[in-house]
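Trainee: Straight run, no breaks: the sequence shown in numbering that gives the first Met the number 0 ends on number 423.
Below are the structure tokens for one structure; questions will follow.
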Amino acid sequence: MKKPAQKPKPVHVARCNAVRITVYRNGTARYGITWRKLEHGPRIRETFGTRAAAIARADAIALALHNGRADVLTLTHADRENYQRAIEALAPLGIPLHAAVAEYTAARAILGTHSIHEAAQFFASRRIVQAKAPPTAEIVASILGDLRADVIQPVSGTYLSVVTPRLRAIAAAFPDLSDATPETVARFLRTLQHRGRPVSPKTFNHYRATFALLWRWCELRGLVSGKTPLAGVKRLDAPGTREVFTVGELRALLAYVPREWIPLVALGAFAGLRVCEIARLSWDALCWDAGEIRIRAGVAGKRGSPRNVPMLEPLRAWLAPWRNALGRIYPGTERALGRRLEWFHKQAAAHIPGFRWKENALRHSFGSYHAAKFQNLELTRAIMGTSITMLRRHYHDPQFQGDAEQFWNILPTADFAGKILAIA
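And the structure:
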């Protein structure tokens, strides 16, 4: 004798006083409900793809039957499909359909022709700072503390002395990071000034990088989310003029500068060292027997790379008087050397007939004349501790080979005797 089919086990019972609507499992991936619009009327069966949609429908029918409004539940097939999709879409959020509709209509009344999606994107791009974010000044203090305590990737005191005022300037401009939008950040960067004048593109990019440092630090700690306000603020192209000294200008400079500045001029022009590297360099880094200058990581700093720089003949000749010198080449801080250099530039331009100081031209001259003489950009790049891209953009102003030969033959001969004068 064939056993009677077992009734499906209910997975939910929607109750509204005396009204009961049962939700049951129909097969392996469907859910169903059965109900009657009238007490002795025909049964109405509905199936759903998800348990949440079936339960929501059963609860709505139970409430409607209890209130005696079952007639409003008569839906077309298309309406029912739309209803089911709406319930399924809202299920992960736990928001009832009526609440979602009320919120949507209120929002559209405010937005007019704009969509809810547009409004959400606009809001998210500007309210990207979490409520728990502390004042920016406290964040900056924490960043500086982390930088000082980092033993894995320690930073130099020079880097800290440079990045600290930038971070504090950002904190002063944005006490609350929620005020940092693409518009306000762009306005802050473009109105930066130094001594009453707009900052250079290079300084602009440095401040932009410092803001990026601040933002990444906050992002890693969950204090901010979403797009960075720097997304709409592009770096400025600052290739510079790549000015170099002519052979005559460099000869005049070496002939008339005070003796104390000869190492800086020679190391810049004939070794391609950065001023910051010269400021950190000691005399014992000049390996005379090996014919190389050892630029260690602490000297190269963040911008350069450790390397050995060959001591070519002009450099050896000009630095020969200091072969047995000890200690730092320029004692004191880099900042102090920078201030002295500003004075030196003005004095050189004022006392050398027809001479004009060109910014960073010593290093530019090395890159340009070295590439012209040796015809090997990769070699020039390695000596200068930079990349090919940066070499072409900043340090390579193609020169004639004849001029390059004269450049690398600027030696302290009898022509220079007695002309190295102290500038009063």
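Positions of the beta carbon are idealized from the N, C-alpha and C atoms, including for glycine.
Please read all numbers here as calculations on a predicted model, not as lab measurements.
Please classify Trp260 as buried or exposed, where buried requires at least 16 neighbouring CB atoms within 10 angstroms.
Mentor: The residue given as residue 260 occupies position 261 in the sequence shown. Its Cβ being crowded by 16 or more others within 10 Å, Trp260 is buried.
Trainee: Quick check: the Cα distance between Ile114 and Thr104, rounded to an integer number of angstroms?
Mentor: Residue mapping note: residue 114 aligns to position 115 of the sequence shown, counting from 1. Residue mapping note: residue 104 aligns to position 105 of the sequence shown, counting from 1. For the sequence presented, residue 114 should be read as Ser rather than Ile. Spanning the two alpha carbons is a distance of roughly 11 Å.
Trainee: Who pairs with Ile32 in a beta bridge, going by DSSP?
Mentor: Here the question's residue 32 lines up with position 33 in the sequence shown. Note: Ile32 sits in a beta bridge opposite Val22, Glu45.
Trainee: Go ahead and pull the three-state DSSP assignment for Pro320.
Mentor: Looking up residue 320 in the sequence shown gives position 321. If DSSP states are grouped into helix, strand and coil, Pro320 belongs with the helices.
Trainee: Can you give the Cα-Cα distance for Val12 and Val22, rounded to whole angstroms?
Mentor: Counting from one through the sequence shown, the residue named residue 12 turns up at place 13. Counting from one through the sequence shown, the residue named residue 22 turns up at place 23. Roughly 6 Å between the two C-alpha positions.
Trainee: Let me make sure I understand the geometry here. Which of Arg315, Leu89, Trp214 has the alpha-carbon closest to that of Leu266?
Mentor: Taking the sequence shown and counting its residues from 1, one reaches residue 266 at position 267. Measuring from the Cα of Leu266, the nearest candidate turns out to be Arg315.
Trainee: Near Gly144, which residues of its chain fall below 8 Å by C-beta distance, leaving aside the five closest residues on each side in sequence?
Mentor: If you number the sequence shown from 1, residue 144 lands on position 145. Here the set comprises nothing.
Trainee: Kindly confirm or deny that the stretch 365 to 381 and the stretch 345 to 355 touch, where touching means at least three C-beta pairs closer than 8 Å.
Mentor: no
Trainee: Helix, strand or coil for Leu285 per DSSP?
Mentor: Sequence index remark: in the sequence shown, residue 285 carries index 286 (1-based). Strand, per DSSP.
Trainee: In terms of residue numbering, what span does the alpha helix (DSSP H) encompassing Ala13 cover?
Mentor: Here residue 13 refers to the residue found at position 14 when the sequence shown is read from its first residue. Note, Ala13: premise wrong, no alpha helix (DSSP H); beta strand (DSSP E) at 9 to 15.
Trainee: Leaving out five residues before and five after Ala52 in sequence, what residues of the same chain have Cβ atoms less than 8 Å from its Cβ?
Mentor: As a first step, residue 52 must be located in the sequence shown, where it is residue number 53. Same-chain partners within the cutoff: Tyr30, Gln83, Ile86, Glu87, Ala90.
Trainee: Would you mind working out which of Ala270, Thr157, Pro309 sits nearest Leu336, comparing C-alpha positions?
Mentor: Start at 1 with the first residue of the sequence shown, and residue 336 comes out as number 337. Of the listed residues, the one whose Cα sits closest to Leu336 is Thr157.
Trainee: Please name the residue in Trp282, Pro320, Arg392, Leu176 whose C-alpha comes closest to that of Asp236.
Mentor: In the sequence shown, residue 236 corresponds to position 237, counting from 1. Checking every option, the nearest Cα to that of Asp236 belongs to Arg392.
Trainee: What I want to know is whether the C-beta of Val264 ends up closer than 7 Å to one or more non-hydrogen atoms of the ligand HEM.
Mentor: Here there are no bound small molecules, and the ligand HEM is not part of this structure.
Trainee: Do you know how far the Cα of Met389 is from the Cα of Ala211?
Mentor: Walking along the sequence shown from the start, residue 211 turns up at place 212. Walking along the sequence shown from the start, residue 389 turns up at place 390. Each residue's Cα considered, the two are about 22 Å apart.
Trainee: Answer with buried or exposed for Arg279, where buried requires no fewer than 16 other C-beta atoms within 10 angstroms of its C-beta.
Mentor: For the purposes of this step, residue 279 is identified with residue 280 of the sequence shown, where counting begins at 1. By the 10 Å Cβ count, Arg279 comes out buried.
Trainee: Can you give the beta carbon distance from Ala170 to Thr135, rounded, assuming they're within the 8 Å contact cut?
Mentor: The residue labelled residue 170 in the question sits at position 171 within the sequence shown. The residue labelled residue 135 in the question sits at position 136 within the sequence shown. That pair is a contact at about 4 Å.
Trainee: Measuring only the C-alpha atoms, how far is Trp342 from Trp287?
Mentor: Locating residue 342 in the sequence shown gives position 343, counting from the first residue. Locating residue 287 in the sequence shown gives position 288, counting from the first residue. Cα to Cα, Trp342 sits roughly 31 Å from Trp287.
Trainee: Quick check: what's the CA-CA separation for Pro352 versus Ala251?
Mentor: For the purposes of this step, residue 352 is taken as residue 353 along the sequence shown, with counting starting at 1. For the purposes of this step, residue 251 is taken as residue 252 along the sequence shown, with counting starting at 1. So the two alpha carbons sit approximately 9 Å from each other.
Trainee: Classify Ser386: buried if its beta carbon has 16 or more other beta carbons within 10 angstroms, exposed otherwise.
Mentor: Locating residue 386 in the sequence shown gives position 387, where the first residue counts as 1. The residue in question, Ser386, is exposed, as its Cβ has fewer than 16 Cβ neighbours within 10 Å.
Trainee: State the Cα-Cα distance for the pair Ala360 and Trp214, rounded to the nearest angstrom.
Mentor: Numbered from its first residue, the sequence shown carries residue 360 at position 361. Numbered from its first residue, the sequence shown carries residue 214 at position 215. C-alpha separation (whole angstroms): 35 Å.
Trainee: Sorted by chain position, which residues of the same chain lie with C-beta nearer than 6 Å to Val71's C-beta, five sequence neighbours on each side aside?
Mentor: Start at 1 with the first residue of the sequence shown, and residue 71 comes out as number 72. Bear in mind that a pLDDT of 46 at Val71, under 50, signals an unreliable position, so the number given afterwards is only what the model happens to contain. Excluding positions up to five away in sequence, the list is empty.
Trainee: Kindly indicate the opening and closing residues of the beta strand (DSSP E) around Pro262.
Mentor: Taking the first residue of the sequence shown as 1, we reach residue 262 at position 263. It is not in any beta strand (DSSP E) - Pro262 instead sits in the alpha helix (DSSP H) that spans 261 to 270.
Trainee: If you draw a straight line from the C-alpha of Met310 to the C-alpha of Ala140, how long is it?
Mentor: Counting from 1 along the sequence shown, the entry for residue 310 is found at position 311. Counting from 1 along the sequence shown, the entry for residue 140 is found at position 141. Taking the straight line joining both Cα atoms gives about 43 Å.
Trainee: Quick one: grab the DSSP three-state call for Val308.
Mentor: The residue you call residue 308 lines up with position 309 of the sequence shown. Secondary structure of Val308 (DSSP, three-state): strand.
Trainee: So, at 6 Å on beta carbons, what are the nonlocal neighbours of Pro41 in its own chain, with the 5 sequence-adjacent residues on each side left out?
Mentor: Your numbering for residue 41 matches position 42 in the sequence shown. Closer than 6 Å at Cβ, skipping near neighbours: no residue.
Trainee: Whole angstroms are fine: how far does the CA of Ser155 sit from the CA of Thr163?
Mentor: Translated into the one-based positions of the sequence shown, residue 163 becomes position 164. Translated into the one-based positions of the sequence shown, residue 155 becomes position 156. Here the C-alpha atom of Thr163 lies approximately 12 Å from the C-alpha atom of Ser155.
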